[in-house]
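Asker: My questions all concern the structure below.
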Amino acid sequence: MAYLDVHAMTTNASLHGRLAAAAATEGAPGDPDLWVSTNRYALASAPGWGDAWASAVAGEVEDPGADPGVITDPMILAQVQAILNS
Numbered sequence: 000m001a002y003l004d005v006h007a008m009t010t011n012a013s014l015h016g017r018l019a020a021a022a023a024t025e026g027a028p029g030d031p032d033l034w035v036s037t038n039r040y041a042l043a044s045a046p047g048w049g050d051a052w053a054s055a056v057a058g059e060v061e062d063p064g065a066d067p068g069v070i071t072d073p074m075i076l077a078q079v080q081a082i083l084n085s
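Under numbering that gives the first Met the number 0, the sequence shown has 75 at position 76, and the numbering climbs by one with no breaks.
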C-alpha cells in the first residue's frame, strides 16, 4: 500500500458514491456524503484497500472506484460498520 493510493481513493467520485450508499443503508448519522467526506481517510486506509487499488491501477482499470471487483461491497460494508461501531 502506498499513501498515494489511499489519497487517490479519497478523491474518487465513484468510490465516494458507493461508500455513501453503504453509509446511508447502515444508518450513518446525517448526510451520507458528508459522513464519507469526514471519514474518507479512515475508510480508504482499511487493510487491503491500498493494495487492491494499486493492483487495479497497474492493471489499467479505467475507474477502480466503480469496479466492484477492486474494492468489493463486502469490504465497503465491513469498514463502514467498523467506523459506525467505533
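Note that CB positions come from ideal geometry on N, CA and C, so glycine has one too. Quick caveat, the model's predicted, so the values are computed rather than measured.
Only counting the same chain, and skipping five residues up and downstream in sequence, which positions put a Cβ closer than 7 Å to that of S36?
Answerer: Here residue 36 refers to the residue found at position 37 when the sequence shown is read from its first residue. Contacts found: none.
Asker: Return the chain-ordered list of same chain residues with a C-beta closer than 8 Å to the C-beta of A19, the five sequence neighbours on each side being excluded.
Answerer: Counted from its first residue, the sequence shown places residue 19 at position 20. P31, D32, W34, V35.
Asker: Would you mind giving the Cβ-Cβ distance between N38 and I75, rounded to the nearest angstrom? I have them listed as a contact below 8 Å.
Answerer: Locating residue 38 in the sequence shown gives position 39, where the first residue counts as 1. Locating residue 75 in the sequence shown gives position 76, where the first residue counts as 1. The pair is not a contact, with the Cβ atoms about 12 Å apart (cut-off 8 Å).
Asker: Which same chain residues end up closer than 7 Å to A22 when comparing Cβ atoms and leaving out the 5 residues on each side of it in sequence?
Answerer: Sequence index remark: in the sequence shown, residue 22 carries index 23 (1-based). Counting only Cβ-Cβ distances below 7 Å, and skipping sequence neighbours, we find P31, W34, V35, V79.
Asker: State yes or no: is the beta carbon of A55 nearer than 8 Å to at least one beta carbon in chain B?
Answerer: Absent from the structure: chain B. Only one protein chain is present.
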